[in-house]
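In the UniProt record's numbering, the protein residues as written are 1 to 113.
A virtual CB, placed ideally from N, CA and C, is assigned to each residue, including glycine.
On a predicted model such as this, the values are computed, not experimentally measured, just so you know.
Worksheet: one structure, shown below.
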């Protein structure tokens with residue numbers, strides 16, 4: 001699984017450098033989210049989906065794990081730059097009612113400042 005993380009102040013940005021967010025990487029992704037959010041105690045977290053072209057229910061499950069962890073610690077999460085296909089799936093599953101989605105990473109950063 002290819003990804004990179006960077007920090008801007010107290011905000012951690014997780015960029016998933018994969019075309020597919022699916023069963024093949026969801027378990028690894030859940031583990032990485034758990035490490036970042038619990039061990040590193042991140043309170044402001046952005047998942048940059050700009051490289052992800054498709055997503056399935058396993059991928060959404062990994063994102064929901066991150067949301068559950070950060071919500072339990074009083075933190076905030078944003079999904080940034082989803083493709084039209086990924087955004088459509090988020091809307092169809094009504095996860096846009098639970099997760100805040102932004103068009104860009106910069107917009108997400110501004111919301112979390």
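According to DSSP, is residue i part of a helix, a strand, or is it coil?
i          : result
residue 48 : strand
residue 15 : strand
residue 81 : coil
residue 99 : coil
Report the CB separation of residue i from residue j in whole angstroms; it is logged as a contact under 8 Å.
i           : j           : result
residue 52  : residue 16  : 6 Å
residue 46  : residue 99  : With a Cβ gap of about 12 Å, residue 46 and residue 99 do not count as contacting.
residue 101 : residue 112 : In fact, because the Cβ distance is near 14 Å, the residues do not count as touching under 8 Å.
Along the chain, where does the alpha helix (DSSP H) that runs through residue i open and close?
i          : result
residue 91 : 84-92
CA-CA distance, residue i and residue j?
i          : j          : result
residue 1  : residue 58 : 15 Å
residue 80 : residue 49 : 6 Å
residue 43 : residue 12 : 8 Å
residue 67 : residue 77 : 6 Å
Could you give the residue range of the beta strand (DSSP E) that holds residue i?
i         : result
residue 4 : 3-8
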